[in-house]
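Take a look at the structure set out below.
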Amino acid sequence: MPASRFFCLISSFFVLSLVDPCAQADSVSDFYRGKTITIQVGYGPGGGYDLTARLISQFYGSHIPGKPNIIVQNVPGAGSMKLANSIYNNTANDGLTLGVFAFDVALEPYYGEKRAMFDPAKLDWIGSMDTDTQFCAVWKGAGVGIKTLPDLLTSKKVLTFGSSAPGAVPSVYPLFFKNALGASLRVVNGYTGTKDIILAMQRGEMDASCGLFESLLQASYMDLIQAGDLDIFVQTSLDKRSTVFPEATPILDVIKTDDQRQLAQLVFGPAGITRPLVAPPGTHPDRLSALRKALFATIADPVTKEVASKMKMDLRPKSVEEITSVLEVFQQASPISLSKAYAVTHE
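First residue of the sequence shown? That's -5 in the numbering used here, and the numbers climb one at a time after it.
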């Protein structure tokens, strides 16, 4: 008998419990063996969410009991809200379908957004696959030499920002610049993701975009940045200043009042939960526990780290507890504060 099984038998004999911990592990392994887990991504291919999910998918299965196959499926729509609604309302909670969508979208129900037909606290969060720094960029200075956020705020040109949908980061952040800080701009929705928006910028259809992750910019767009075509003009993440793009204006540097600072904390603070992985509510507890442990084991795996390094990605996961703590901030926020934050980030 293997030593690990012997240990479990002895442990379960002395523990006053009706549930054998080894039987739980075997149950999860038996369920997943020979099966396929689908990770659905709420954006089109080629963006940061997609690249991270595909990186994790290469190694995730080997850390889940039963070693299931993992595939990634793109399900874009409404800035990933289509997927959030689907995971909550229409997806089987057997642990075979997981979702990756913007955490900002997951918070929309707290603002009273009627299109968000789910309760964030009832979703079975697995963890955040990464913590990434976000920026906004402008194409060739929008033709008026914009290099910093103060340049945008004083520009007389009405800049166009590309976005996927209302409520998504590429829409929310520019609208904060407009409604809270007085920038002249408009947001055009309907793009499938970052790749689609940047192509539109190259065609001259759009001037700028937000929600651009440091890892994606390094991996896919450094040639445009180094050529001076894509100007990274503001850092919207509230963590320490980026050493990769230190010339970008930290968003809090232009905040002048306590009221603006409070709004900025609600609007930009959740970006720390960068790429959450989630299961439908009511997922089997043993499978959910295994999926959570496997995510952190995958990210800690030296092979994963090596591949991530080649992609210029430094995966920094966040736990379910850290996700829950952000949800609690919104659950405890006053209706007046949430109403103000919603007003400055939506048309």
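Even glycine gets a Cβ: it sits at the ideal position worked out from N, Cα and C.
Your pair Asp126 and Thr268 checks out as a contact, with CB atoms roughly 4 angstroms apart and the cut at 8 angstroms. Val248 is a Cβ neighbour of Leu147, given a cutoff of 8 angstroms.
DSSP places Asn79 inside the alpha helix (DSSP H), whose first and last residues are 75 to 83. Following the DSSP letters along the chain, one finds Ala213 inside the alpha helix (DSSP H) bounded by residues 208 to 214. Annotation for Val166: the continuous alpha helix (DSSP H) segment containing it runs 163 to 173. In summary, Val181 is buried, with 16 or more beta-carbon neighbours lying within 10 Å of its beta-carbon over all protein chains present.
Beta-carbon to beta-carbon, Tyr185 and Gly161 are separated by about 14 angstroms, too far to satisfy the 8 angstroms threshold. The region 265 to 280 makes contact with the region 230 to 244, as at least three CB pairs between them are under 8 angstroms. Straight through space, the alpha carbons of Val338 and Asp24 are spaced by roughly 50 angstroms. Linking Ser51 to Met195 through their CA atoms gives a straight-line distance of about 30 angstroms. One alpha carbon belongs to Ile293, the other to Ser74, and they sit about 24 angstroms apart.
Asp201 and Ala136 have their alpha carbons spaced roughly 5 angstroms apart. A straight-line Cα-Cα distance of about 35 angstroms links Thr251 and Gln220. Within the region 267 to 326, the complete alpha helix (DSSP H) segments of 4 residues or longer fall at 279 to 294, 296 to 304, 314 to 326, listed in chain order. In the same chain as Pro311, and ignoring 5 residues on each side of it, the C-beta atoms closer than 8 angstroms to its own belong to Gly121, Ser122, Met123, Asp124, Thr125, Leu289, Phe290, Ile293, in chain order.
One alpha carbon belongs to Met216, the other to Thr188, and they sit about 15 angstroms apart.
Under a 10 Å Cβ-count criterion, Arg281 is classified as buried, with 16 or more other Cβ atoms of the shown protein chains found around its own Cβ. For Arg48, there is no enclosing beta strand (DSSP E); the residue is part of the alpha helix (DSSP H) that begins and ends at 42 to 54. DSSP, reduced to helix, strand and coil, places Leu232 outside both helices and strands of the structure shown, so it counts as coil.
Rounded to the nearest angstrom, the gap between the Cα atoms of Lys151 and Glu199 is 15 angstroms. In the structure shown, Ala221 falls within a coil segment according to DSSP collapsed to helix, strand and coil.
Taking C-beta separations shorter than 8 angstroms and ignoring five residues to either side along the sequence, the partners of Thr243 in its chain run Thr142, Leu143, Pro144, Phe227, Val228, Gln229, following chain order. Arg180: member of the beta strand (DSSP E) spanning 179 to 182, first to last residue. Nearest to Ala72 by alpha-carbon distance, out of Val35, His57, Pro62, is Val35. The beta carbon of Asp223 lies closer than 7 angstroms to those of Trp133, Lys134 in the same chain, with the five residues before and after it left out. By a beta-carbon distance limit of 8 angstroms, Ala335 contacts Leu257. Their separation comes to about 5 angstroms.
With a cutoff of 8 angstroms on beta-carbon distance, Asp118 and Val272 are scored as near each other. The beta carbon of Ala47 lies closer than 6 angstroms to those of Ile33, Val35, Val66, Val94 in the same chain, with the five residues before and after it left out. In the displayed model, Phe97 falls within a helix according to three-state DSSP. Close CB contacts of Ile191 within its chain, under the 6 angstroms cut and outside five residues either way in sequence, are with Gly156, Tyr185, Ser203 (chain order). For Leu147, the enclosing alpha helix (DSSP H) starts and ends at 143 to 148. Annotated three-state conformation of Val338 is helix, per DSSP.
A distance below 8 angstroms between beta-carbons, with the five flanking residues on each side excluded, links Glu208 to the following residues of its chain, in chain order: Asp126, Thr127, Gln128, Phe129, Ser236, Val238, Phe239. Under the 10 Å beta carbon count, Ile330 is surrounded by fewer than 16 other beta carbons and is classified as exposed.
Comparing alpha carbon positions, the residue from Pro59, Asn63, Ala110, Arg27 closest to Ser283 is Pro59. A check of alpha carbon separations from Leu193 across Ile31, Gly41, Lys29 identifies Gly41 as the nearest.
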